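Okay, structure first, notes after.
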Amino acid sequence: MSDYLVIVESPAKAKTIGKYLGKKYVVKASMGHVIDLPKSQMGVDVENEFSPKYITIRGKGPILKELKQAAKKAKKVYLAADPDREGEAIAWHLADSLNIEKNSKCRVVFNEITKQAIKDSFKHPREININLVDAQQARRVLDRLVGYNISPLLWKKVKKGLSAGRVQSVAVKMIIDRENEILAFEPVEYWSITAQLEKDGMEFEAKFTGVNGKKQELGTEEEVNAVLSQMNGKAFEVDAVKKRERKRNPVVPFTTSSLQQEAARKLNFRAKKTMMLAQQLYEGIDIGKSGTTGLITYMRTDSTRISDTAKNETYDYIVDHYGKEFTGAENKPKQKQSTNSQDAHEAVRPTSVINDPKTIKQYLSRDQYRLYKLIWERLVASQMAPAVMDTMSVDMSNNGVQFRATGSKLKFAGFMKVYIEGTDDGKEEKDKLLPELTEGEETKAKTIDPNQHFTQPPPRYTEARLVRTLEELGIGRPSTFAPTLDTIQRRGYVALEDKRFVPTELGTIVLELIEEFFPEILNVEFTATMESNLDAIEDGEQSWVKIIDEFYGDFEKRLRTAEEEMKEVEIKDEPAGEDCEKCGNEMVYKMGRYGKFMACSNFPECRNTKAIVKDIGVPCPKCTKGNVVERKSKKRRIFYGCDRYPDCDFISWDKPISRPCPKCENLLVEKKSKKGTHVSCTECDYKEDVN
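Heads up, the sequence shown is in the UniProt record's numbering, so the first residue is 1 and it goes up one at a time.
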């Protein structure tokens with residue numbers, strides 16, 4: 001008989017924890033949930049206080065049987081699922097299935113999988129938190145009531161396979177609303193005037209600000225010409241020089257949302273991929289002599305707080321590697337934190353800053369390393385001193401027409417020595433130097449150029465921007481962002497074009513129906529309030545049954561109305577402009593799991609399908625007989641291949657161009673990076689910038 005049985009969700013987590021606990025402990029994995037609502041039916045008894053009908057998940061019977069046998073042999077069972085609502089629900093179902101007493105202190109939680117954290121958590125087991133379980137149960141029941149009632153309506157009225165979720169519908173609405181804003185946008189003309197000046201061999205630019213001491217916007221070419229006509233030559237007098245020191249504070253450590261956003265900006269990772277890699281880093285990686293080690297803290301959190309232990313360790317690391325001047329005054333070591341504290345809701349951070357990315361790089365996959373490096377750098381930077389910039393602004397005038405030049409120089413790098421936060425447009429702040437100028441001095445412009453501009457519509461949502469907006473509006477929680485974005489794409493409601501979301505015709509049709517009959521589902525305020533209600537359930541301030549009951553009363557009425565009044569919608573197939581090579585009937589565009597594809601209109605008699613390809617006008621460099629076409633992978637990533645595939649297997653992730661390399665006459669391709677687009681040779685070192 002083993003002394004103790006510990007149950008976690010995954011084999012990787014079991015392996016890491018087992019190493020720390022020793023021989024008296026047997027650690028097994030439940031492989032996630034073993035008990036859940038049935039897939040084939042709603043599984044909620046609306047007549048009996050929304051009582052859930054839980055069953056053993058198909059295929060999980062043998063796992064549950066094995067856990068029951070192991071539990072019988074153990075003196076005590078510990079349930080160590082993740083420290084969130086989902087983990088609490090897994091533990092609750094396991095406790096019920098294994099006949100563990102309700103008030104038993106069987107629940108063990110930890111924010112990081114390290115030796116000290118694991119040992120401390122097992123010294124202080126607690127009872128299962130039923131409030132956390134109720135909050136998860138409320139979300140599950142609520143989503144079932146919405147999805148399993150509206151989805152069959154959509155199957156009947158539109159097409160099979162559709163679904164309607166509470167959070168996903170709001171996300172689709174945001175994307176469609178943004179698209180409508182873009183379509184309705186009317187550009188407004190405006191102008192600017194830029195003077196290119198020079199002093200002591202240093203060129204700099206100044207921009208028009210106003211006339212005779214008054215600020216002025218330039219809306220037309222006539223206004224520009226009036227300003228230019230007032231100017232007397234190209235000589236400017238310096239009116240004022242202002243110099244000051246500006247501090248830039250470090251960013252805080254990662255939350256789930258900010259991690260997803262920054263990984264999208266800097267690493268081009270989708271939210272789903274970020275969370276998958278973070279899970280691997282959390283559960284443990286074999287890093288040589290240290291063995292399997294959890295490298296980051298729990299990755300589902302909305303807290304930016306870190307423990308005093310982590311602060312102290314990071315402070316020491318910064319002093320040793322960068323110098324004491326790089327530590328912020330507010331980050332001085334505090335009294336060591338009690339080892340009893342489980343510190344359950346920290347930011348996403350490395351479990352130990354000593355695990356420098358460079359020292360463990362050899363043990364990580366490329367993508368694991370890149371994400372770990374991002375998390376490590378963010379933590380270290382968050383505990384460093386502010387960066388200091390020397391800024392300078394120069395006001396100058398020509399016959400009453402005023403211009404301003406601005407410049408800045410990094411005086412002290414501070415946290416920027418380690419990390420600079422990414423931006424949605426990929427641009428980073430750079431030094432913009434000005435020459436030394438004094439009041440009353442005269443300087444001449446080389447050129448004075450007017451420029452016409454037009455206001456731009458709001459940009460489409462990237463994954464990072466959409467996650468940030470959902471978080472700001474209080475829609476969903478850290479654990480819901482990635483699956484929400486994944487679902488709306490898999491259902492074909494939205495698509496990604498140039499890494500930005502665009503709605504599909506199907507998404508627009510479904511949304512219009514939901515908006516007509518279930519407007520509260522799409523109401524941002526309603527959805528955010530529901531999230532607050534779930535938090536109140538977690539805090540023990542609300543009854544989950546009462547919250548669901550209040551929602552279901554109006555929802556049920558709307559459901560009956562929709563069943564009677566919702567009209568059937570026929571989505572006509574769009575002609576593809578070519579005939580089927582197998583039967584001669586017209587080919588049409590259809591929407592599938594991986595986006596649009598071509599299919600024969602004579603389905604099901606003819607089942608011919610073809611991927612949609614785009615000829616880019618470049619002969620295949622491998623076989624010379626075919627042409628290179630643009631295709632999409634199953635993950636919707638664009639790549640280029642020969643149209644004679646499978647006879648020719650040429651493939652390239654970079655876009656080939658028609659002319660050969662002038663140096664070696666091999667294939668040239670376009671490569672895109674945050675710095676822009678350039679052309680390079682696939683064989684030699686030839687490279688050229690693209691304007």
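Don't be surprised by glycine CBs; every beta carbon is placed ideally from N, CA and C.
A quick note: this is a predicted structure, and the numbers were derived from the prediction, not measured.
Reference residue 364; option with closest CA among 294, 686, 165: Position 364 of the sequence shown holds residue 364. When the alpha-carbon of residue 364 is set against those of 294, 686, 165, the nearest one is in 294.
Buried/exposed call for residue 82, threshold 16 Cβ in 10 Å: Here residue 82 is taken as the residue at index 82 of the sequence shown, counted from 1. Here residue 82 is buried: its Cβ has 16 or more other Cβ atoms, across all protein chains shown, within 10 Å.
Buried or exposed (CB count within 10 angstroms, at least 16 for buried), residue 371: Within the sequence shown, residue 371 is the residue found at index 371, counting from 1. With 16 or more other Cβ atoms within 10 Å, it is buried.
Counted within 10 angstroms of its Cβ, other Cβ atoms place residue 188 as buried (16 or more) or exposed: By one-based count along the sequence shown, residue 188 stands at place 188. Exposed.
The stretch 470-483 in contact with the stretch 260-280 per 3-pair CB rule at 8 Å: They touch, by the three-pair rule.
Classification of residue 185 by the beta-carbon crowding that lies within 10 angstroms, buried from 16 upward: Here residue 185 refers to the residue found at position 185 when the sequence shown is read from its first residue. Classification of residue 185: exposed, given that the 10 Å Cβ count is below 16.
Cβ neighbour criterion (16 or more within 10 Å) applied to residue 383: Residue 383 sits at position 383 when you count from the first residue of the sequence shown. Residue 383 comes out buried.
Candidates 224, 362, 266, 517: closest to residue 422 by CA position: As a first step, residue 422 must be located in the sequence shown, where it is residue number 422. Considering only alpha carbons, the answer is 266.
Residue interval of the alpha helix (DSSP H) (run including residue 408): Looking up residue 408 in the sequence shown gives position 408. Residue 408 -> not in any alpha helix (DSSP H); beta strand (DSSP E) instead, spanning 401-412.
In chain order, each beta strand (DSSP E) run of at least 3 residues that lies wholly inside the stretch 273-310: Counting only runs of 3 or more, we get nothing.
Three or more C-beta pairs below 8 Å linking the stretch 658-666 and the stretch 677-685: Under the three-pair Cβ rule at 8 Å, the stretch 658-666 counts as touching the stretch 677-685.
Cα-Cα separation, residue 571 to residue 508: Taking the first residue of the sequence shown as 1, we reach residue 571 at position 571. Taking the first residue of the sequence shown as 1, we reach residue 508 at position 508. When rounded, the distance between both Cα atoms is 11 Å.
Span of the beta strand (DSSP E), counted from its first residue to its last, around residue 210: One-based indexing of the sequence shown puts residue 210 at position 210. From DSSP, the beta strand (DSSP E) with residue 210 extends over 202-211.
Residue range of the unbroken beta strand (DSSP E) whose run includes residue 666: Here residue 666 is taken as the residue at index 666 of the sequence shown, counted from 1. Neither: residue 666 is in no beta strand (DSSP E) and is coded neither H nor E.
Exposure of residue 230, with buried meaning 16 or more beta-carbon neighbours within 10 Å: Position 230 of the sequence shown, counting from 1, holds the residue named residue 230. It is exposed - the Cβ of residue 230 has fewer than 16 other Cβ atoms within 10 Å.
Check whether residue 147 and residue 171 have beta carbons under 9 Å apart: Walking along the sequence shown from the start, residue 147 turns up at place 147. Walking along the sequence shown from the start, residue 171 turns up at place 171. No, the Cβ-Cβ distance between residue 147 and residue 171 is not below 9 Å.
3 or more residues per run - each beta strand (DSSP E) lying fully within the stretch 595-677: With a minimum length of 3 residues, the continuous beta strand (DSSP E) runs that stay inside the stretch 595-677 are 595-600, 614-619, 627-632, 638-642, 668-673.
Ordered list of alpha helix (DSSP H) runs contained in the stretch 149-187, each at least 4 residues: 166-184, all fully within the stretch 149-187.
Distance between residue 514 and residue 155 (C-alpha atoms, nearest Å): As a first step, residue 155 must be located in the sequence shown, where it is residue number 155. As a first step, residue 514 must be located in the sequence shown, where it is residue number 514. Cα to Cα, residue 155 sits roughly 13 Å from residue 514.
Cβ distance (whole Å) where residue 173 is taken to contact residue 470 below 8 Å: For the purposes of this step, residue 173 is identified with residue 173 of the sequence shown, where counting begins at 1. For the purposes of this step, residue 470 is identified with residue 470 of the sequence shown, where counting begins at 1. Contact flag wrong, Cβ pair sits at about 11 Å.
CB-CB length for residue 613 against residue 643, believed under 8 Å: Taking the sequence shown and counting its residues from 1, the one referred to as residue 613 is at position 613. Taking the sequence shown and counting its residues from 1, the one referred to as residue 643 is at position 643. Contact between residue 613 and residue 643 is confirmed by a C-beta separation of about 7 Å, below the 8 Å threshold.
Reference residue 472; option with closest CA among 433, 430, 525: Reading the sequence shown from its first residue, position 472 is the one you call residue 472. The residue with the shortest Cα to Cα distance from residue 472 is 525.
DSSP-derived helix/strand/coil call for residue 86: Residue mapping note: residue 86 aligns to position 86 of the sequence shown, counting from 1. Helix, per DSSP.
Assigned exposure category for residue 36 - 16 Cβ within 10 Å defines buried: Here residue 36 refers to the residue found at position 36 when the sequence shown is read from its first residue. By the neighbour-count rule (16 or more Cβ atoms within 10 Å), residue 36 is buried.
Assumed close pair residue 398, residue 236 - CB separation to whole angstroms, cut-off 8 Å: In the sequence shown, counting from the first residue as 1, residue 398 sits at position 398. In the sequence shown, counting from the first residue as 1, residue 236 sits at position 236. Their Cβ separation, rounded to whole angstroms, is 5 Å, which keeps residue 398 and residue 236 in contact under 8 Å.
Cα-Cα separation between residue 366 and residue 446, rounded to whole angstroms: Here residue 366 refers to the residue found at position 366 when the sequence shown is read from its first residue. Here residue 446 refers to the residue found at position 446 when the sequence shown is read from its first residue. Straight-line Cα distance between these residues: approximately 49 Å.
C-alpha distance - residue 116 paired with residue 505, whole-angstrom precision: As a position in the sequence shown, residue 116 is number 116, starting the count at 1. As a position in the sequence shown, residue 505 is number 505, starting the count at 1. Spanning the two alpha carbons is a distance of roughly 54 Å.
Proximal residues to residue 313 (C-beta, below 6 Å), its chain only, five neighbours per side dropped: On the sequence shown, residue 313 is found 313 positions in, with the first residue counted as 1. Excluding sequence neighbours, residue 313 sits near 353.
DSSP-derived helix/strand/coil call for residue 415: Stepping through the sequence shown from its first residue, residue 415 is reached at position 415. Residue 415 falls in the helix class under three-state DSSP.
Distance CB(residue 651)-CB(residue 670) smaller than 9 Å: Looking up residue 651 in the sequence shown gives position 651. Looking up residue 670 in the sequence shown gives position 670. No, these two residues do not count as a Cβ contact at 9 Å.
Segment contact flag, the stretch 373-393 with the stretch 199-217, C-beta cutoff 8 Å, min 3 pairs: No: fewer than three Cβ pairs fall under 8 Å.
Rounded straight-line distance, which links the Cα of residue 549 to that of residue 519: Along the sequence shown, read from residue 1 onward, the residue named residue 519 stands at position 519. Along the sequence shown, read from residue 1 onward, the residue named residue 549 stands at position 549. Within the model, the alpha-carbon separation for residue 519 versus residue 549 is close to 18 Å.
Nearest residue (CA-CA) to residue 70, options 123, 357, 7: Along the sequence shown, read from residue 1 onward, the residue named residue 70 stands at position 70. In terms of Cα proximity to residue 70, the closest of 123, 357, 7 is 7.
Residue from 491, 240, 629, 289 whose Cα sits closest to the Cα of residue 438: As a working mapping, residue 438 is identified with position 438 in the sequence shown. Proximity to residue 438 across 491, 240, 629, 289 peaks at 240, based on C-alpha coordinates.
Top-ranked residue by Cα proximity to residue 177, from 494, 661, 542: Numbered from 1 along the sequence shown, position 177 holds the residue referred to as residue 177. Restricting attention to 494, 661, 542, the CA atom closest to the CA of residue 177 is found in 494.
Endpoints, alpha helix (DSSP H) assigned at residue 13: Counting from one through the sequence shown, the residue named residue 13 turns up at place 13. Counting along the chain, residue 13 sits inside the alpha helix (DSSP H) bounded by residues 11-21.
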